[in-house]
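Peer 1:
There are 2 protein chains.
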Amino acid sequence: MAKVVAEISMSLDGFVTGPGDSPELGLGAGGERLHEWVVKLASWRKQHGMEGGEDTRDSQLLEEAVQNTGALVMGRRMFDHGIRHWSDNPPFHNPVFVLTHRPREPLVKEGGTTFTFINDSIENAIAQAQAAAGGKDVAIAGGADVIQQALRAGLLTELEIHMVPVLMGDGVRLFDRTAGEPVEMELIRLEQSPDVIHLRFRTV
Amino acid sequence: MAKVVAEISMSLDGFVTGPGDSPELGLGAGGERLHEWVVKLASWRKQHGMEGGEDTRDSQLLEEAVQNTGALVMGRRMFDHGIRHWSDNPPFHNPVFVLTHRPREPLVKEGGTTFTFINDSIENAIAQAQAAAGGKDVAIAGGADVIQQALRAGLLTELEIHMVPVLMGDGVRLFDRTAGEPVEMELIRLEQSPDVIHLRFRTV
Chain A
0 MAKVVAEISM SLDGFVTGPG DSPELGLGAG GERLHEWVVK LASWRKQHGM
50 EGGEDTRDSQ LLEEAVQNTG ALVMGRRMFD HGIRHWSDNP PFHNPVFVLT
100 HRPREPLVKE GGTTFTFIND SIENAIAQAQ AAAGGKDVAI AGGADVIQQA
150 LRAGLLTELE IHMVPVLMGD GVRLFDRTAG EPVEMELIRL EQSPDVIHLR
200 FRTV
Chain B
0 MAKVVAEISM SLDGFVTGPG DSPELGLGAG GERLHEWVVK LASWRKQHGM
50 EGGEDTRDSQ LLEEAVQNTG ALVMGRRMFD HGIRHWSDNP PFHNPVFVLT
100 HRPREPLVKE GGTTFTFIND SIENAIAQAQ AAAGGKDVAI AGGADVIQQA
150 LRAGLLTELE IHMVPVLMGD GVRLFDRTAG EPVEMELIRL EQSPDVIHLR
200 FRTV
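Read top to bottom, the protein sequences are chains A and B.
For the first sequence, position 143 matches number 142 in numbering that gives the first Met the number 0, and the numbering has no gaps at all.
For the second sequence, position 5 matches number 4 in numbering that gives the first Met the number 0, and the numbering has no gaps at all.
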């Protein structure tokens, strides 16, 4: 079965956006600070159809994640925000399954990205993504709530936090309070770059 | 001027206790999971007047922190909980300044620990601790609220998070929501042990 992997940039104090996120202001006030490290990378620029950028270890790590991905799952809020900014050739180049309560027809874009809208459980969305991933990994693209759902449902195989050494102070938290027993994780990779700390965990 | 340093064990999801902390249940339900890595160390046992324990890199790091400390600042809740458990020879062996709104006489214990109760600002508590530290570091012992106060007041020189790879789900957060501009930090040491990830930051 395909692995289910989530990667997300998070501030030291646990936020994945600045304060006041909305479909209009996807990352909240100042939230782009959390993505500064990634948007300058050669691999990120390539994914977005641009040339140039920094060819660093960070860029390699992102390139590996992109190569390993065969399908994605994302939340409706992330889609609503992103679709305002993605070009006709979105940066996914794979089937994307969007969790939503509003049924709509699939949206076929250039470059291999098709958005399929799923009015169903996270379990079934992931199962459909796994069936479409051709043996590659399923990436939970976000937002935080969808990553949390997958984690709490025991469906996430690996979680990589790109920790940005800044205290945002407010915003959307990756980890909200939840009931239930503590969940043990295992650190499987730890790397430090000048901009970010990569912490990769496997669920135990 | 003496450095002001805070070190604290935190879960991957940002909690420094389990749910339901109180003077009676200092670390909340299941919160002792966050201190499992430290209580088995030789240096921790020595600090607490016990022999034996594991002589590992984790133990060295704790020993260094102990050696560098000349005075401590702690909150009243931490004191109220701790005093139920510390022996007549508490594990600090240095002057301890306790922030409280209830004035009381200093409490002199064995082994070099004196608790002085300060009904004043965090700034003045730290200044008194610096004066008493004999050129060594001032440690902000906790809890999370006192560490946050020092950090937000720009008084903290270094912050070391001992990240325990578990999702606690609930408890006291190290980082509550705060207003104000983001605070940039600089990673100055990163070490991994089988039990815990040590992330040491300097305020920028």
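For every residue, glycine included, the Cβ atom is placed at its ideal position computed from N, Cα and C.
Which whole-angstrom value is the C-beta distance of ALA178(B) and GLY168(A), which I expect to be below 8 Å?
Peer 2: Mapped onto the second sequence, residue 178(B) falls at position 179. Mapped onto the first sequence, residue 168(A) falls at position 169. So it is a contact: roughly 7 Å between Cβ atoms.
Peer 1: Buried or exposed: where does MET0(A) fall if 16 or more other Cβ atoms within 10 Å of its Cβ makes it buried?
Peer 2: Position 1 of the first sequence, counted from the first residue, corresponds to residue 0(A). By the neighbour-count rule (16 or more Cβ atoms within 10 Å), MET0(A) is not buried but exposed.
Peer 1: Suppose the cutoff is 8 Å on Cβ atoms and the five residues either side in sequence are ignored; what does the same chain contact list for LEU166(A) look like?
Peer 2: The sequence position of residue 166(A) within the first sequence is 167, counting from 1. The answer, listed in chain order, is SER10, LEU11 and ASP12.
Peer 1: Please identify the residue among PRO94(A), VAL15(A), PHE14(A) and LYS135(A) whose C-alpha is closest to the C-alpha of ALA124(A).
Peer 2: In the first sequence, residue 124(A) corresponds to position 125, counting from 1. Checked all of PRO94(A), VAL15(A), PHE14(A) and LYS135(A); the closest Cα to ALA124(A) is PRO94(A).
Peer 1: Would you kindly report the start and end of the unbroken beta strand (DSSP E) that includes PHE200(B)?
Peer 2: Translated into positions along the second sequence, residue 200(B) becomes position 201. It spans 196 to 202 - the beta strand (DSSP E) in which PHE200(B) sits, taken as one unbroken run.
Peer 1: Expressed to the nearest angstrom, what Euclidean distance is found between the alpha-carbon atoms of PHE78(A) and HIS80(B)?
Peer 2: Numbered from 1 along the first sequence, position 79 holds the residue referred to as residue 78(A). Numbered from 1 along the second sequence, position 81 holds the residue referred to as residue 80(B). Straight-line Cα distance between these residues: approximately 47 Å.
Peer 1: Would you kindly report the start and end of the unbroken beta strand (DSSP E) that includes GLY141(B)?
Peer 2: The residue labelled residue 141(B) in the question sits at position 142 within the second sequence. From DSSP, the beta strand (DSSP E) with GLY141(B) extends over 136 to 141.
Peer 1: Applying a beta-carbon distance threshold of less than 8 Å, which residues of chain B neighbour ARG176(A)?
Peer 2: Indexing the first sequence from 1 puts residue 176(A) at position 177. Within 8 Å Cβ-Cβ: GLY168 and ASP169.
Peer 1: So, using beta-carbon positions, are ILE7(B) and GLY141(B) closer together than 8 Å?
Peer 2: For the purposes of this step, residue 7(B) is identified with residue 8 of the second sequence, where counting begins at 1. For the purposes of this step, residue 141(B) is identified with residue 142 of the second sequence, where counting begins at 1. Contact flag set, yes.
Peer 1: Hey, THR68(A) and LYS135(A): beta-carbon distance below 8 Å or not?
Peer 2: The sequence position of residue 68(A) within the first sequence is 69, counting from 1. The sequence position of residue 135(A) within the first sequence is 136, counting from 1. Result yes, Cβ atoms of THR68(A) and LYS135(A) sit closer than 8 Å.
Peer 1: Which full runs of the alpha helix (DSSP H) of 4+ residues lie inside the segment 25 to 70 of chain A, going along the chain?
Peer 2: Runs found: 35 to 38, 41 to 46 and 56 to 67.
Peer 1: When the distance is taken between beta carbons, is ASN88(B) closer than 8 Å to GLY48(B)?
Peer 2: Counted from its first residue, the second sequence places residue 48(B) at position 49. Counted from its first residue, the second sequence places residue 88(B) at position 89. Yes, these two residues count as a Cβ contact at 8 Å.
Peer 1: Helix, strand or coil: how does DSSP classify VAL145(A) here?
Peer 2: The residue labelled residue 145(A) in the question sits at position 146 within the first sequence. DSSP places VAL145(A) in helix when its eight states are reduced to three.
Peer 1: In its own chain, which residues sit with a C-beta less than 8 Å from the C-beta of ARG103(B), not counting the 5 before and 5 after it?
Peer 2: Locating residue 103(B) in the second sequence gives position 104, where the first residue counts as 1. So the qualifying residues of the chain are PHE116.
Peer 1: Which runs of the alpha helix (DSSP H), 4 residues or longer, sit entirely within the segment 109 to 188 of chain B?
Peer 2: Whole alpha helix (DSSP H) segments, 4+ residues: 121 to 131 and 143 to 151.
Peer 1: Check for me: the alpha helix (DSSP H) holding PHE78(B) runs from which residue to which?
Peer 2: Locating residue 78(B) in the second sequence gives position 79, where the first residue counts as 1. Note, PHE78(B): alpha helix (DSSP H), 75 to 81.
Peer 1: Out of GLY30(B), GLY170(B), MET162(B) and LEU71(B), point me to the one whose CA is closest to ALA126(B)'s CA.
Peer 2: As a first step, residue 126(B) is located in the second sequence; it is residue number 127 there, counting from the start. With distances taken between Cα atoms, ALA126(B) lies closest to LEU71(B).
Peer 1: Quick one: which chain A residues come within Cβ less than 8 Å of VAL165(B)?
Peer 2: The sequence position of residue 165(B) within the second sequence is 166, counting from 1. Going along chain A in sequence order, the residues near VAL165(B) (Cβ under 8 Å) are PRO181, VAL182, GLU183 and MET184.
Peer 1: Please work out which residues of its chain come closer than 8 Å, Cβ to Cβ, to LEU155(B), disregarding the five sequence neighbours upstream and downstream, and give them in chain order.
Peer 2: For the purposes of this step, residue 155(B) is identified with residue 156 of the second sequence, where counting begins at 1. The answer, listed in chain order, is VAL3, VAL4, ALA5, ILE139, ILE146, ALA149 and THR202.
Peer 1: For VAL107(B), count neighbouring C-beta atoms within 10 Å of its own C-beta (all shown protein chains included) and say buried if the count is 16 or more, exposed if not.
Peer 2: Here the question's residue 107(B) lines up with position 108 in the second sequence. So VAL107(B) ends up on the exposed side.
Peer 1: State yes or no: is the C-beta of GLY17(A) within less than 8 Å of the C-beta of GLY111(A)?
Peer 2: Counted from its first residue, the first sequence places residue 17(A) at position 18. Counted from its first residue, the first sequence places residue 111(A) at position 112. No, the Cβ-Cβ distance between GLY17(A) and GLY111(A) is not below 8 Å.
Peer 1: Going by DSSP in three states, GLU104(B) sits in which element: helix, strand or coil?
Peer 2: Taking the second sequence and counting its residues from 1, the one referred to as residue 104(B) is at position 105. Three-state result, GLU104(B): coil.
Peer 1: When Cβ atoms are compared, which residues of the segment 5 to 35 of chain A fall closer than 7 Å to chain B?
Peer 2: Within the segment 5 to 35 of chain A, the qualifying residues are LEU11, ASP12, GLY13, GLY29 and ARG32.
Peer 1: The beta strand (DSSP E) that contains PHE96(B), what's its start and end?
Peer 2: Position 97 of the second sequence holds residue 96(B). Taken as a continuous stretch (DSSP letters only), the beta strand (DSSP E) holding PHE96(B) covers 94 to 98.
Peer 1: From the DSSP output, in three-state form, read off PHE14(B) for me.
Peer 2: Your numbering for residue 14(B) matches position 15 in the second sequence. Looking at PHE14(B) - three-state DSSP - the assignment turns out to be strand.
Peer 1: Within the same chain, show all residues whose beta-carbon is closer than 7 Å to that of TRP43(B), passing over the 5 residues directly before and after it, in chain order.
Peer 2: Here residue 43(B) is taken as the residue at index 44 of the second sequence, counted from 1. Within the same chain, TRP43(B) has close Cβ partners VAL37, GLY52 and LEU61.
Peer 1: Taking 8 Å as the threshold (beta carbon to beta carbon), is LEU189(A) in contact with chain B?
Peer 2: On the first sequence, residue 189(A) is found 190 positions in, with the first residue counted as 1. Yes, because at least one Cβ of chain B sits closer than 8 Å to the Cβ of LEU189(A).
Peer 1: Got a sec? Which residues, its chain only, sit under 7 Å from GLY74(A) by beta carbon, not counting five neighbours each side?
Peer 2: Along the first sequence, one-based indexing puts residue 74(A) at 75. Closer than 7 Å at the Cβ level, and outside the excluded window around GLY74(A), lie LEU98, GLY141, GLY142, ASP144 and VAL145.
Peer 1: For ASP20(B), count the other beta carbons within 10 Å of its own beta carbon; 16 or more makes it buried, fewer makes it exposed. Which is it?
Peer 2: The residue you call residue 20(B) lines up with position 21 of the second sequence. It counts as buried.
Peer 1: For ILE196(B), decide whether its Cβ has a neighbour in chain A, counting only Cβ atoms nearer than 8 Å.
Peer 2: As a first step, residue 196(B) must be located in the second sequence, where it is residue number 197. Taking Cβ atoms only, chain A reaches closer than 8 Å to ILE196(B), which makes this a yes.
Peer 1: Looking only at its own chain, which residues have a Cβ that is under 7 Å from the Cβ of PRO90(A), when we skip the five neighbours before and after it?
Peer 2: On the first sequence, position 91 is the one that residue 90(A) refers to. Closer than 7 Å at Cβ, skipping near neighbours: GLN46 and HIS47.
Peer 1: Taking buried to mean at least 16 other C-beta atoms within 10 Å of its own C-beta, is ALA130(B) buried or exposed?
Peer 2: The count along the second sequence starts at 1 and reaches residue 130(B) at position 131. So ALA130(B) ends up on the exposed side.
Peer 1: Measure the alpha-carbon distance for LEU158(A) versus ARG199(A) and round it to whole angstroms.
Peer 2: Walking along the first sequence from the start, residue 158(A) turns up at place 159. Walking along the first sequence from the start, residue 199(A) turns up at place 200. Whole-angstrom Cα-Cα distance: 6 Å.
Peer 1: Closest by CA to ALA132(B), which one among PHE174(B), GLN66(B) and LEU189(B)?
Peer 2: Translated into positions along the second sequence, residue 132(B) becomes position 133. Nearest C-alpha to ALA132(B): GLN66(B).
Peer 1: Just verifying my parser: in three-state terms, what is the DSSP assignment at ALA1(A)?
Peer 2: Translated into the one-based positions of the first sequence, residue 1(A) becomes position 2. Coil.
Peer 1: Taking buried to mean at least 16 other C-beta atoms within 10 Å of its own C-beta, is HIS100(A) buried or exposed?
Peer 2: Position 101 of the first sequence holds residue 100(A). The residue in question, HIS100(A), is exposed, as its Cβ has fewer than 16 Cβ neighbours within 10 Å.
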